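Those letters in the sequence shown? Residues 28 to 655, per this note's numbering, in order.
Positions of the beta carbon are idealized from the N, C-alpha and C atoms, including for glycine.
No experiment lies behind these values; they were computed from the predicted model shown.
Take a look at the structure below.
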Amino acid sequence: MADILKDIQKDLGASITSANFEAANIVLYTDDIELFKDNQGKIKELVNKFKKRIELRVDPELVKSQEDTKKIIKETIPEEAEVTDVLFDPQRSIVVIEAKKPGLVIGKEGSILREIKDKSFWIPQVQRSPAIKSKITENIRAVLYQNNNSRKKFLNAVGKKIYKEWNPEKVEEWIRITILGGGRQVGRSCLLLSTPQTKVLLDCGINVAGKGKEKFPYLDVSEFKINELDAIILSHAHLDHSGLIPYLVKMGYAGPIYMTSPTRDISALLALDFIGVAYKQASAPLFSSTDIKEMVKHTICLEYNEVTDIAPDMRITFYNAGHALGSALTHINVGNGAHNLVYTGDFKFDRTRLLDRAISNFPRIETLIMESTYGGKNNLLPTRKEAEDQLINTIKETIEKKGKILIPELGLGRAQETMLILEEAMRNNQLPKVPIYIDGMIWDINGIHTVYPDFLNSNVRREVFADNNPFSSDIFQRIGSSQERKIVVEGGPCVVLATSGMLQGGASVEYFRHFAQSKNNKICFVCYQGQGSLGRLIQEGIKQIKMNVEGSEEDIDVNLEVVTIDGMSAHAGRKELLEFANRCQPKPNRIIINHGEQSKCLDLASSIYKLHHMETNVPRNLETIRMR
28 MADILKDIQK DLGASITSAN FEAANIVLYT DDIELFKDNQ GKIKELVNKF KKRIELRVDP
88 ELVKSQEDTK KIIKETIPEE AEVTDVLFDP QRSIVVIEAK KPGLVIGKEG SILREIKDKS
148 FWIPQVQRSP AIKSKITENI RAVLYQNNNS RKKFLNAVGK KIYKEWNPEK VEEWIRITIL
208 GGGRQVGRSC LLLSTPQTKV LLDCGINVAG KGKEKFPYLD VSEFKINELD AIILSHAHLD
268 HSGLIPYLVK MGYAGPIYMT SPTRDISALL ALDFIGVAYK QASAPLFSST DIKEMVKHTI
328 CLEYNEVTDI APDMRITFYN AGHALGSALT HINVGNGAHN LVYTGDFKFD RTRLLDRAIS
388 NFPRIETLIM ESTYGGKNNL LPTRKEAEDQ LINTIKETIE KKGKILIPEL GLGRAQETML
448 ILEEAMRNNQ LPKVPIYIDG MIWDINGIHT VYPDFLNSNV RREVFADNNP FSSDIFQRIG
508 SSQERKIVVE GGPCVVLATS GMLQGGASVE YFRHFAQSKN NKICFVCYQG QGSLGRLIQE
568 GIKQIKMNVE GSEEDIDVNL EVVTIDGMSA HAGRKELLEF ANRCQPKPNR IIINHGEQSK
628 CLDLASSIYK LHHMETNVPR NLETIRMR
């Protein structure tokens with residue numbers, strides 16, 4: 028295959044000082060300022076010809092100084108925009124402007140950004156200042172911009188690998204998917220997509236409720252060799268999908284990891300929390316904060332609907348999955364159209380208070396790989412309104428009995444959904460005015476939600492933009508120390524939202540220990556409880572539990588009332604799963620069912636086959652399916 032960089036430069040016929048890859052994107056640097064300011068549609072013509080993203084930047088040696096550029100920015104952007112920070116990436120001639128009102132930074136039809144670009148020769152990018160400060164997001168940005176030279180080299184190396192054997196023609200080749208985790212079970216999701224040229228990992232998670240080897244995907248099989256892995260695609264940040272990726276980095280994986288920006292920030296936060304929980308349980312963590320930092324350096328973040336090459340024979344597009352902030356359905360085009368598959372990860376096919384429902388229309392699709400967490404014939408979930416009414420009534424009953432209610436939450440998604448429900452209910456006087464305490468990493472993840480409001484549905488986005496952020500309402504009180512927890516435990520009636528959602532470590536376990544013995548108290552489960560987890564045991568009616576208290580084991584009587592509200596789940600219920608299979612366009616030829624307990628996987632596959640007469644597969648872990 029001809030050198031695509033040389034072909035582009037030849038066609039441009041201009042003064043190009045260097046040409047580099049930024050993963051699949053192509054960046055040209057010029058010392059011709061006039062060409063930079065007005066390239067008369069030449070770049071657009073190249074984009075249309077090569078079907079690749081191509082960008083023209085000024086040679087880093089010629090851009091204005093950072094001090095001069097800050098002055099230009101201050102003079103050009105109106106004060107009402109409230110610029111909070113300016114970050115420079117000198118290796119790539121990029122300046123990032125963070126502001127409370129990014130629309131005023133952009134200007135009408137991008138006029139202000141163009142003015143900054145023409146005066147400074149930097150490429151300006153705009154980000155919204157978060158309504159709640161997110162320390163993890165700030166640290167991630169620091170990691171990326173402080174290591175901008177190594178970052179530039181990494182992205183260029185990824186691009187060289189993609190284009191080394193790139194072929195714009197259709198490639199007829201075999202395609203296989205191997206289930207390394209998540210086959211007929213929930214937890215440790217991990218799938219290996221293979222062609223003769225490429226090996227890509229779809230998720231790599233941990234079964235947080237598992238024991239021993241059951242916690243981890245099967246990475247010790249002959250099909251998986253870390254040095255042969257070309258890319259990792261992460262659907263969303265929950266640990267059962269993301270938890271082992273820092274470990275892969277620790278073991279030597281140095282390739283790209285594709286995800287959305289919110290997923291990057293939250294997966295790093297959850298990984299750090301995973302280390303903290305390990306230390307609290309007196310066990311050695313699988314990886315260190317250094318490994319997480321390296322993972323961040325190797326992330327390539329994509330927007331929804333953004334098409335990008337990730338290998339010579341593979342191209343992906345992310346679509347909204349409706350499951351959690353930044354969660355993505357992944358459309359994978361293999362062999363330049365030879366085969367198209369969609370990997371759902373976890374998804375929700377119904378609009379929630381937080382997110383729009385998952386996308387079901389794709390350019391082409393032959394194989395659908397679909398979750399089945401609630402795919403069983405008995406998983407007929409109540410409506411959202413019924414579920415919300417049940418939650419509000421459960422809280423009211425608890426408060427009337429002068430009790431406390433614990434809601435164990437997944438820090439990502441469910442907690443924010445619950446907060447929105449409670450904020451509205453209390454604002455409308457549907458709930459008595461009692462303290463609502465937020466503990467664990469929920470607050471940090473709230474901050475990340477305000478960093479990326481464009482990923483939220485229009486209602487929440489509008490509230491955030493109007494400086495009426497529901498997550499920072501004064502009805503919520505943040506708890507962050509053992510002394511503050513003591514005040515909650517010894518105080519009066521209240522609502523506590525705390526991680527983890529399955530009671531597998533974290534603040535929720537501590538509250539449960541204190542609340543468990545009183546009949547006036549309640550525990551309310553609003554998210555899935557994995558098999559073997561403490562949450563599942565409580566859900567199934569266990570009456571006494573051994574718990575570690577200050578270094579010694581104690582028998583804790585479970586006298587509190589246990590309530591489960593299924594309709595609050597971020598997963599699609601059985602009706603939604605069947606509707607998604609029905610409304611998926613175009614119709615796939617094959618559906619592969621995973622991420623569900625065995626009976627639920629089989630129930631869903633059987634129903635889809637009866638309704639649509641299409642091939643369904645329910646692979647076990649370690650099984651391989653040839654798709655072409």
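Between the segment 545-557 and the segment 449-457, the count of Cβ pairs shorter than 8 Å is below three; the stretches do not touch. Straight through space, the alpha carbons of residue 447 and residue 475 are spaced by roughly 16 Å.
Membership of residue 504 in the beta strand (DSSP E) is indicated by the continuous run 503-506.
Here the alpha carbon of residue 63 sits roughly 35 Å from the alpha carbon of residue 197. The DSSP-derived three-state label of residue 525 is strand. Rounded to whole angstroms, the gap between the alpha carbons of residue 538 and residue 482 is 32 Å.
The residue from 558, 556, 545 with its alpha-carbon nearest to that of residue 570 is 545. 231 is the residue among 231, 168, 260, 380 whose C-alpha sits nearest the C-alpha of residue 274.
Assigned with DSSP and collapsed to three states, residue 154 falls in strand.
Unbroken alpha helix (DSSP H) runs of no fewer than 4 residues, entirely contained in the segment 35-86, are found at 60-64, 69-77, following chain order. Between residue 206 and the set 30, 562, 71, 243, the nearest pair of CA atoms involves 243. Distance between residue 169 and residue 323, taken at the CA atoms: about 11 Å. At the C-beta level, residue 112 and residue 125 come within 9 Å of one another. Under the three-state reduction of DSSP, residue 474 is assigned to helix. Boundaries for residue 130: no beta strand (DSSP E) harbours it, while the alpha helix (DSSP H) harbouring it runs 129-133, taken from the DSSP string.
At a Cβ-Cβ threshold of 9 Å, residue 524 and residue 565 do not count as neighbours. Its Cα nearest to that of residue 376, the residue 408 stands out among 365, 408, 535. Membership of residue 204 in the beta strand (DSSP E) is indicated by the continuous run 203-208.
Note: residue 195 is not bridge-paired with any residue in the DSSP secondary-structure output. Checking the DSSP bridge columns, you'll see residue 322 has no partner listed. Beyond the five residues adjoining it in sequence on each side, residue 513 comes within less than 8 Å, by CB distance, of no other residue in the same chain. Residue 608 sits away from residue 437, with the two beta carbons spaced by 9 Å or more.
Taking each of 35, 48, 89, 96 in turn and checking the Cα distance to residue 74, the smallest one comes out for 35. Contact holds between the segment 372-388 and the segment 337-350, because three or more Cβ pairs, one in each stretch, are under 8 Å apart. Excluding sequence positions up to five before and after residue 81, its CB lies within less than 6 Å of the CB of 53, 70, 73, 74, all in the same chain and listed in chain order. The beta carbon of residue 47 is closer than 6 Å to those of 54, 183 in its chain, skipping five residues each way along the sequence. With 16 or more other CB atoms across the displayed protein chains lying within 10 angstroms of its CB, residue 50 is buried.
Counting only the Cα atoms, residue 599 lies some 8 Å from residue 400. With fewer than 16 other beta carbons inside 10 angstroms of its own, residue 42 counts as exposed.
Membership of residue 276 in the alpha helix (DSSP H) is indicated by the continuous run 272-277. Inter-residue distance for residue 226 and residue 181 is about 19 Å (C-alpha atoms, whole angstroms).
Fewer than three beta-carbon pairs drawn from the segment 409-418 and the segment 631-643 are found closer than 8 Å, and the two stretches are therefore not classed as touching. For residue 431, there is no enclosing alpha helix (DSSP H); the residue is found in the beta strand (DSSP E) stretching over 431-435. Residue burial is scored here from C-beta neighbours: residue 306 has fewer than 16 other C-beta atoms within 10 angstroms and is therefore classed as exposed. Per the coordinates, the alpha-carbon of residue 282 lies some 7 Å from the alpha-carbon of residue 185. DSSP lists 591 as the beta-bridge partner residues of residue 552.
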